[in-house]
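Take a look at the structure below.
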Ligand code: HEM
Ligand code: SF4
Ligand code: SF4
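Structure follows, in structure tokens:
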């Protein structure tokens, strides 16, 4: 909308010099009947009541949006959260689970074709593992506490009752609001730790064309991280930034009040919070779906992957079969190292 | 059963803020919280109007719909109350409420929200009527004593009416009949343009 107005404005500016070519047009404008300006005071009053602040409204009370009598946008937030975010978010997570169970049932786990070699290859350093698990732990705690707030009322209250759920929800909220503050720190650490190996390399697209080895014949060649893992990395970075920014706004209402003062699109504190809340919730659901997929692939589906993140080492055959280019690279390294 | 209603006659309200003060005093409301407020439109200008607003005790209340812990309940008198033992202070009711009624005392670090507080129609909360516990959490319970909310009782111009919805409408209708147009009766059904809900 605003963009649109900008372009119309620009177009108007560009057309200005043309006006001189049509002197008749100006005369026409002068002769036209002046617009009758007879505002209806009742209509003005009700516009003000609904928070359109071009009609001044004041109050002695100093609170958030106290001078606004009616906030019609509240209903939009209410229906977006209750009729879309909750049911559709729930559906998305269910569908992801069903796909996972289906793939596992049909395809079964991906085992090493040549069995275990017994030879271990170093894959992730202590630092890399620490950062990964820090982010993972925060994500799991934030995800569970967040989902509790989102789905607890329809799912848990019927089971455990309002009082017990009230205690759980209150704890969830405190934990979520506090640990959420650490999430961006872990995200930044993870970014610098892994970004170098997650840039685009030749062969990543071929990896996708082969469906990561699921389609067609032959192995899908990959470096340290395959195309799918790189997509996971970048989605994590961008969803992570989105969820952190919105999370910080929700955590510190003062930021929302500040946004109202600097951004003319928002006239009320509430509106900032409402938009922020929906964006946070939508990102959260998508992010959780993504990470559930990641956990499935790394822990259950592609066998032999998990040890790289726990012990830091993987079997040499796993490296050959799933990350052949990386394997030759580290073999080269260790031979170089070995040769004095 | 009576269906309790507030109605503020914008043709009468003179923005004296007596209702705000009466409410704060009667309910011992904490700092920074105002259950009732008076909003003035076009202050000092042509067509100035003031309206006193607090929780309108909606039927099918939006606050109750969004509360993640489902802590609202509606009394037999149609008063919307909530249970502070269950409330987690998430603020969602404030986003959903068309009238900005839910208030939050700032507790803890960074001005984080405490448990929600709002107008109770002077009807207390889930605790035993007029117990010390009830007064500490929710303020007065005048309804249990057969009295109406103090804000309306003390209104100097009788702009703010509170009580059984039928009686309140009768009084207002009578006024409108005497003085002509300007019916400014409103509730969330009007605010959200919901046909059939006069709440
Ligand atoms: C993995 C990361 C995260 C996930 C999955 C997540 C998920 C959620 C979910 C599902 C909700 C509830 C929405 C509702 O009830 O309607 C929520 C609310 C919230 N989140 Fe997050 N969140 C994450 C990260 C963060 C971060 C990084 C912060 C802060 C820096 C944060 C702060 C908040 C706050 C303040 C709320 C509102 C809770 C309330 O007011 O009760 N979240 N989050
Ligand atoms: S006015 Fe607001 S707080 Fe009161 S019942 Fe309606 S939605 Fe709930
Ligand atoms: S602040 Fe309390 S009453 Fe309001 S929605 Fe949250 S839990 Fe419910």
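Protein chains in written order, with the numbering used here: chain A, 8 to 347; chain B, 54 to 252.
All C-beta atoms, glycine included, are put in the ideal place defined by N, C-alpha and C.
{"Item": "Would you please verify whether the beta carbon of residue 72 of chain B is less than 8 Å from any beta carbon of chain A?", "Value": "no"}
{"Item": "What are the boundary residues of the beta strand (DSSP E) that residue 128 of chain B is part of?", "Value": "Per DSSP, residue 128 of chain B belongs to no beta strand (DSSP E) and is neither H nor E."}
{"Item": "What do you get for residue 113 of chain A, buried or exposed, if any count of 16 or more other CB atoms within 10 angstroms of its CB means buried?", "Value": "exposed"}
{"Item": "Which partner residues of residue 216 of chain B appear in the DSSP bridge assignment?", "Value": "B:58"}
{"Item": "Would you list, in sequence order, the uninterrupted alpha helix (DSSP H) runs of no fewer than 4 residues that lie entirely inside the region 102-170 of chain A?", "Value": "133-162, 164-167"}
{"Item": "Along the region 130-148 of chain B, what residues have a CB closer than 9 Å to any CB found in chain A?", "Value": "136, 138, 139, 140, 141, 142, 143, 144, 145, 147, 148"}
{"Item": "Please list, in chain order, all residues of the same chain as residue 239 of chain A whose beta carbon is under 6 Å from its beta carbon, the five residues on each side excluded.", "Value": "301"}
{"Item": "Kindly indicate which residue of B:114, B:149, B:194 has the alpha-carbon position closest to the one of residue 173 of chain B.", "Value": "B:194"}
{"Item": "In three-state terms, what does DSSP make of residue 235 of chain B?", "Value": "Only weak support is given to the placement of residue 235 of chain B: the predicted model assigns it a pLDDT of 44, under 50, and the question is left unresolved by the model."}
{"Item": "Hey, is residue 179 of chain B close to ligand 2, as in C-beta under 7 Å from one of its heavy atoms?", "Value": "no"}
{"Item": "Is the distance from the Cβ of residue 91 of chain A to the Cβ of residue 278 of chain A below 8 Å?", "Value": "no"}
{"Item": "What residues from chain A crowd round residue 96 of chain B, counting only those whose CB sits closer than 9 Å?", "Value": "63, 64, 65"}
{"Item": "Roughly how many angstroms separate the alpha carbons of residue 158 of chain A and residue 173 of chain A, rounded to a whole number?", "Value": "13 Å"}
{"Item": "Residues of the region 112-125 of chain B with a CB closer than 8 Å to any CB of chain E: list them in chain order, please.", "Value": "Here the protein chains are A and B, and chain E is not one of them."}
{"Item": "In its own chain, which residues sit with a C-beta less than 7 Å from the C-beta of residue 245 of chain A, not counting the 5 before and 5 after it?", "Value": "none"}
{"Item": "Would you say residue 237 of chain A reaches chain B, if we count a Cβ-Cβ gap shorter than 8 Å as a contact?", "Value": "no"}
{"Item": "Beta-carbon distances below 5 Å to any heavy atom of ligand 2 define the shell here; list its residues in chain order, please.", "Value": "B:108, B:109, B:111, B:114, B:115, B:116, B:133, B:150, B:152, B:154"}
{"Item": "Flag residue 81 of chain A as yes if its beta-carbon sits less than 8 Å from any beta-carbon of chain B, otherwise no.", "Value": "yes"}
{"Item": "Mapping the DSSP letters down to three states, classify residue 290 of chain A as helix, strand or coil.", "Value": "helix"}
{"Item": "Return the residues of the region 307-325 of chain A that lie within a Cβ-Cβ distance of less than 7 Å from chain B, sorted by chain order.", "Value": "none"}
{"Item": "Please state the DSSP three-state secondary structure of residue 104 of chain B.", "Value": "strand"}
{"Item": "Which of the three DSSP states, helix, strand or coil, is assigned to residue 331 of chain A?", "Value": "helix"}
{"Item": "Per DSSP, what kind of secondary structure is residue 34 of chain A in: helix, strand or coil?", "Value": "Caution applies to residue 34 of chain A, whose pLDDT of 43 falls short of 50 and renders its modelled position unreliable; the model cannot decide the point."}
{"Item": "Return no unless some Cβ of chain B is closer than 8 Å to the Cβ of residue 45 of chain A.", "Value": "Any reading at residue 45 of chain A needs caution, since the residue's pLDDT is 49, under 50, leaving its predicted position unreliable; the model's value is listed next. So no, residue 45 of chain A is outside the interface."}
{"Item": "For my contact list, residue 91 of chain B and residue 70 of chain B are in at a C-beta cut-off of 8 Å; report their separation, rounded to the angstrom.", "Value": "5 Å"}
{"Item": "For residue 271 of chain A, count neighbouring Cβ atoms within 10 angstroms of its own Cβ and tell me buried if that reaches 16, exposed if not.", "Value": "exposed"}
{"Item": "Can you give me the Cβ contacts of residue 74 of chain A inside the same chain, cut-off strictly under 7 Å, excluding the 5 residues immediately before and after it?", "Value": "64, 65, 66"}
{"Item": "Quick one: list the residues of chain A neighbouring residue 152 of chain B, beta-carbon separation under 8 Å, in chain order.", "Value": "76, 77, 78"}
{"Item": "Looking at the strands, I want to know which residues DSSP matches up with residue 94 of chain B.", "Value": "A:64, B:102"}
{"Item": "Please confirm whether residue 106 of chain B has its beta-carbon closer than 8 Å to some beta-carbon of chain A.", "Value": "yes"}
{"Item": "Among the residues of its own chain, which have a CB less than 8 Å from the CB of residue 100 of chain A, if the five just before and after it don't count?", "Value": "292, 295, 296, 299"}
{"Item": "With burial defined as no fewer than 16 other Cβ atoms inside 10 Å of the residue's Cβ, what is the status of residue 28 of chain A: buried or exposed?", "Value": "Here the model assigns residue 28 of chain A a pLDDT of 45, short of 50, so the residue's position is not dependable, and the following value carries that caveat. Under this definition residue 28 of chain A is an exposed residue."}
{"Item": "From residue 189 of chain B to residue 117 of chain B, what does the alpha carbon distance come to, in whole angstroms?", "Value": "23 Å"}
{"Item": "Would you say residue 240 of chain A reaches chain B, if we count a Cβ-Cβ gap shorter than 8 Å as a contact?", "Value": "no"}
{"Item": "Go ahead and pull the three-state DSSP assignment for residue 275 of chain A.", "Value": "coil"}
{"Item": "By how many angstroms is the C-alpha of residue 264 of chain A removed from the C-alpha of residue 184 of chain A?", "Value": "18 Å"}
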